[in-house]
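Notes for the one structure printed next.
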Amino acid sequence: MRICVQEEPFDLGAEANSFAAGHSDMGAIVTFTGVVRDLAAGDLDAMEIEHYPGMTEAAITKIAEEARTRWSLGDVLVIHRYGRLAPGALIMMVATAAPHRKDAFEAAEYLMDYLKSRAPFWKKELTSDGADWVAAKEEDEAALTRW
6 MRICVQEEPF DLGAEANSFA AGHSDMGAIV TFTGVVRDLA AGDLDAMEIE
56 HYPGMTEAAI TKIAEEARTR WSLGDVLVIH RYGRLAPGAL IMMVATAAPH
106 RKDAFEAAEY LMDYLKSRAP FWKKELTSDG ADWVAAKEED EAALTRW
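Be aware that the sequence shown starts at 6, since it is given in our numbering, and climbs by one per residue.
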């Protein structure tokens, strides 16, 4: 299991290939990549992501360990960036490896729902009009209830 909270960009292809290469005994590998989405009017200059060092990694590690015990997972990878990110930049990557696809998909969704709603990250949208903190969405919170 690897949990990385980092400011620098990551190489999606290299990370996915490295994760897959170490799991020839697994029948399924699922990856998800989050990208900074521009606002509807194309007004987003950047997204600024803050976190609480140490606490963030511990919280993500705890939920990843829960996923490993809840589903039959061989491995988990979570990479999440912080700092100032432009539209189109990669924010995060989640990868799960399991003997069967159902466990890999469900665990990845579980991790994503948690990261979206509960992980200690704070996001601010920066536009030419100023900056606005991004509030948690009701649908993201509701997604957690299925787990």
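Note that the Cβ used here is the ideal one computed from N, Cα and C, for glycine as well.
Nothing here was measured: the structure is a model prediction, and the numbers come from that model.
| Query | Result |
| --- | --- |
| Which same chain residues end up closer than 6 angstroms to K223 when comparing Cβ atoms and leaving out the 5 residues on each side of it in sequence? | Residue 223 lies beyond the residue range present for the chain, which begins at 6 and ends at 152; the question has no answer from this structure. |
| For my contact list, A99 and M6 are in at a C-beta cut-off of 8 angstroms; report their separation, rounded to the angstrom. | Note that residue 99 is Val in the sequence shown here, rather than Ala. The pair is not a contact, with the Cβ atoms about 12 angstroms apart (cut-off 8 angstroms). |
| I need the boundaries of the alpha helix (DSSP H) containing R7, first residue and last residue. | No alpha helix (DSSP H) holds R7; the beta strand (DSSP E) holding it covers 7-11. |
| Using DSSP's beta-bridge definition, name the partner residues of M97. | G39, H85 |
| Measure the alpha-carbon distance for Q43 versus P92 and round it to whole angstroms. | In the sequence as presented, Gln is not what sits at residue 43; that position holds Asp. About 5 angstroms. |
| Identify which residue in V83, T132, M60, T101 has its Cα closest to the Cα of R89. | T132 |
| Whole alpha helix (DSSP H) runs in the region 99-146 with 4 or more residues, listed along the chain? | 106-122 |
| I need the DSSP call for L90, collapsed to helix, strand or coil. | strand |
| If we ignore side chains and look at the alpha-carbon of each, how far apart do L120 and S23 end up? | 22 angstroms |
| For G3 and M31, I'd like the C-alpha separation in whole angstroms. | Nothing about residue 3 can be reported from this structure: the residues present for the chain run from 6 to 152 only. |
| Examine the Cβ distances between the region 49-64 and the region 107-118 and report whether three or more of them are shorter than 8 angstroms. | no |
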